[in-house]
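Numbering (this note's numbering), first residue to last: 49 to 206.
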């Protein structure tokens, strides 16, 4: 059964490659269908991959090969909650080392321009605690690219 709500992500021509990367990188992720264009369209030809159905950590997505006119932006991102520094490193490094780029405060961008927040739960828990604990954790986060779990824990303790 098709979900009622699916995230549609616009790609130039490489939705299948992106979906395969996400499926190989994140658990509970897979490519579920590939659909070819039934005829020519503004950015492609009949038979080209037009859409790719896939999931990212259980979230249903559709990759649309719509051409170069629209680009990804930080206005949309996947936020991936991690349980440890090892898990944080694994996802961060997979994205960045595959043609992506580091950003600030746990954000990075994959080679297709899609933004990811690789966010250890220790950080979200510290921010939810409020008060001085949240301020110290927030101030520590503001100095980071990839989140350092030990540094957040230390800041949280004061």
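Even glycine gets a Cβ: it sits at the ideal position worked out from N, Cα and C.
Hey, would you say residue 111 sits closer than 8 Å to residue 142, going by beta carbons?
no
Are the beta-carbon atoms of residue 115 and residue 86 separated by less than 8 Å?
no
Take residue 130 and list the residues in its own chain whose beta-carbon comes closer than 8 Å to its own, dropping the five residues that flank it on each side.
136, 139, 166, 167, 168 and 169
What residue range does the alpha helix (DSSP H) around residue 64 cover?
63-73
Cβ-based burial, residue 189 [other Cβ within 10 Å; buried from 16]:
buried
Who are the Cβ neighbours of residue 79 in its own chain at under 8 Å, not counting the five residues just before and after it?
64, 67, 68, 71, 100, 101 and 102
Is it the case that the Cβ atoms of residue 162 and residue 185 are separated by a distance below 8 Å?
no
In chain order, which beta strand (DSSP E) runs of at least 3 residues are fully inside the segment 104-181?
107-113, 125-130, 155-157 and 163-168
Residue 124 and residue 105 look like a contact to me (Cβ under 8 Å); what is the Cβ gap, rounded to whole Å?
No, residue 124 and residue 105 are not in contact; Cβ-Cβ is about 15 Å, not under 8 Å.
Under a three-way DSSP split, which group does residue 199 fall into?
helix
Strictly by DSSP, which residues pair up with residue 81?
101
Report buried or exposed for residue 56, applying the criterion of at least 16 other Cβ atoms within 10 angstroms of its Cβ.
exposed
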